[in-house]
Amino acid sequence: MRIAIISDIHGNFEALTSALCEIRQFCVDKIICLGDIVGYGASPVECMELAMENIETCVAGNHDWATVGKTQIGFFNAVSRAAIEWTSRKLAPHHIKYLENLSVSFSNGSFHVVHASPNKPHQWHYIMTWNDAKEAFSHLDKQVCFVGHSHIPVIWSEEGRLIRVVFSASETSASFTIGESSKYIINVGSVGQPRDGDPRGCFVIFDTDKKLVSFHRFLYDIISAQNKIFYAGLPSFLAERLGAGI
Ligand code: ZN
89 MRIAIISDIH GNFEALTSAL CEIRQFCVDK IICLGDIVGY GASPVECMEL AMENIETCVA
149 GNHDWATVGK TQIGFFNAVS RAAIEWTSRK LAPHHIKYLE NLSVSFSNGS FHVVHASPNK
209 PHQWHYIMTW NDAKEAFSHL DKQVCFVGHS HIPVIWSEEG RLIRVVFSAS ETSASFTIGE
269 SSKYIINVGS VGQPRDGDPR GCFVIFDTDK KLVSFHRFLY DIISAQNKIF YAGLPSFLAE
329 RLGAGI
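If you're matching positions, the sequence shown starts at 89 in the working numbering and goes up one per residue.
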């Protein structure tokens with residue numbers, strides 16, 4: 089089976105439409121989303137409609153649940169809070185119901201998916217250090233776990249290896265084969281707000297038979313996404329960071 093795994097769309101309609109367009113070329117069997125469809129970007133309604141139409145399985149992100157009151161907004165910084173409050177005023181009742189009903193994790197055969205970490209997923213722990221990864225591995229009973237949340241594409245292996253998935257400007261994809269002897273936690277990067285210094289969006293295609301994980305970067309209309317953030321009156325940093333990929 090070939091699966092597209094996307095995460096952290098964050099109300100960026102231009103990025104989501106470009107990602108879905110790219111994904112179409114891979115003839116995938118399904119699309120899984122690791123959460124944060126909304127928050128930060130100026131097109132939450134458009135992203136919700138596209139996501140509900142195209143994504144077969146979605147788990148909850150911290151911004152999704154904060155927008156519908158299922159995660160306390162006090163945990164977020166002022167910029168994030170402003171965007172969450174703005175977003176919750178835009179969503180229709182059927183969007184809110186969809187976000188409320190998302191579960192925090194999902195398992196399928198040999199892999200697990202969650203927004204933040206398999207370690208108490210509803211507490212949204214970041215996996216940034218080897219200690220975070222070790223704690224996460226101790227809560228993982230599948231061989232592979234896909235995560236989002238940090239917006240930085242990386243692979244952690246249980247034997248202590250960290251592979252940073254870095255692309256030069258001319259590279260658009262990078263592939264890794266999952267070995268049998270280790271467990272892996274794979275951060276698929278972000279569709280709508282990359283933070284690894286590369287402003288291109290990122291998603292993963294997972295071939296479950298070949299055990300092949302390929303990361304893909306794609307261009308989208310950043311200027312249009314930025315302009316919508318400015319016009320919406322959202323904090324301007326949210327537009328600026330898209331241009332730098334930070
Ligand atoms: Zn996010």
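Even glycine gets a Cβ: it sits at the ideal position worked out from N, Cα and C.
Residues sharing a beta bridge with residue i, DSSP
i      : result
Phe199 : Asn196, Val232
Asn275 : Val235, Val242
Asp295 : Arg90, Leu300
Ser261 : His304
Gly289 : Phe306
Within 8 Å, strictly: CB atoms of residue i and residue j
i      : j      : result
His213 : Asn207 : yes
Gly280 : Asp152 : no
Ala107 : Ile94  : yes
Thr145 : Lys185 : no
Ile266 : Lys230 : no
Gly99  : Gly129 : yes
Ile215 : Ser238 : yes
His203 : Val147 : yes
Ile161 : Ala170 : no
Per-residue burial, residue i [other beta carbons within 10 Å of its own, 16 or more giving buried]
i      : result
Glu102 : buried
Ile211 : Note on identity: in this sequence residue 211 is Gln, with Ile being the wrong assignment. It counts as exposed.
Ile311 : exposed
Val254 : exposed
Cβ-heavy atom distance, residue i to the ligand ZN, below 7 Å
i      : result
Gly236 : yes
Gly289 : no
Gly333 : no
Asp96  : yes
Gly129 : no
His239 : yes
If we count Cβ pairs, one from each stretch, closer than 8 Å, do we get three or more for the segment 302-316 versus the segment 258-271? yes
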